[in-house]
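Each remark here refers to the structure printed beneath this line.
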Amino acid sequence: TLLFPFYHNNNVVFIQGRTIQGPDGYSNYLNLSKTIPMPYNSSAITWDYNRGKEVRICEGIIDTLTLCSRGIDTVGILGVQNFKTEWVKLFDENAITPVIAFDNDKAGDEAAKKMVNIFNRDLKREIPIKGKDWNECFN
120 TLLFPFYHNN
130 NVVFIQGRTI
140 QGPDGYSNYL
150 NLSKTIPMPY
160 NSSAITWDYN
170 RGKEVRICEG
180 IIDTLTLCSR
190 GIDTVGILGV
200 QNFKTEWVKL
210 FDENAITPVI
220 AFDNDKAGDE
230 AAKKMVNIFN
240 RDLKREIPIK
250 GKDWNECFN
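For the sequence shown, the numbering used here assigns the number 258 to the last residue and increments by one with no breaks.
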C-alpha cells in the first residue's frame, strides 16, 4: 500500500492510501475520511511564485506526480467527480489560471465540460497525446 499525504500550511489534512493490487486484482483506494478538504498538491495554487501562472488540474495523484516530475505545476482532484466548487476560490484568490488535464476518455471529456460550468468561464484543456492518461505519455 502507498500512502499519499495532503498538506496544507505544512500540516497533513488528508491521507489517501492505494493498494497496488487488491484481492480482486485491481488497485483500490483507501481514504481516511470521505471529505477531501482540498486538491492534492494544493500548494501549486497557493504558493506566491505561481501567482498569475497556469496550473493543471488532473484526475488523480499519480497523474499529478507525473506532471510535477516534468516541472509542470499540477493539482489532483481524486477522480473527475470530486472537484468542489469552493476550490474555485483558491484559484481566483491566487490569480491562478486553471488548465484541465483530465484523461483522454469519455469521463474526462464530460468532466472537462462540467468544469467550465463550475468555473463559469472558458478553460484551456490539455489531453495526453499518447494513450488515455498522462503516465502513458512519459513511459
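The beta carbon of each residue, even a glycine, is placed where N, CA and C say it ideally should be.
- Where isoleucine 164 is concerned, the enclosing alpha helix (DSSP H) starts and stops at 162–165.
- Cα atoms of threonine 204 and valine 194: separation of roughly 15 Å, rounded to the nearest angstrom.
- In this structure isoleucine 176 is in contact with isoleucine 196, their Cβ atoms being roughly 6 Å apart against a cut-off of 8 Å.
- In the three-state reduction of the DSSP assignment, glycine 136 falls in the strand class.
- Of the residues Asp167, Ile181, Phe221, Lys172, the one whose Cα lies closest to the Cα of threonine 138 is Ile181.
- Counting the other CB atoms within 10 Å of its CB gives valine 131 a total below 16, which places it among the exposed residues.
- Here the alpha carbons of phenylalanine 221 and aspartate 228 stand approximately 8 Å from one another.
- Inclusion of glycine 179 and tyrosine 159 in the CB contact set at 9 Å is warranted, their separation being smaller than that value.
- Take isoleucine 215, set aside five residues on each side of it, and the residues of its chain with a beta-carbon closer than 7 Å to its own are Ile164, Asn169, Lys172, Val174, in chain order.
- A straight-line Cα-Cα distance of about 16 Å links proline 247 and glycine 198.
- In the DSSP assignment, glutamate 173 forms a beta bridge with Thr216.
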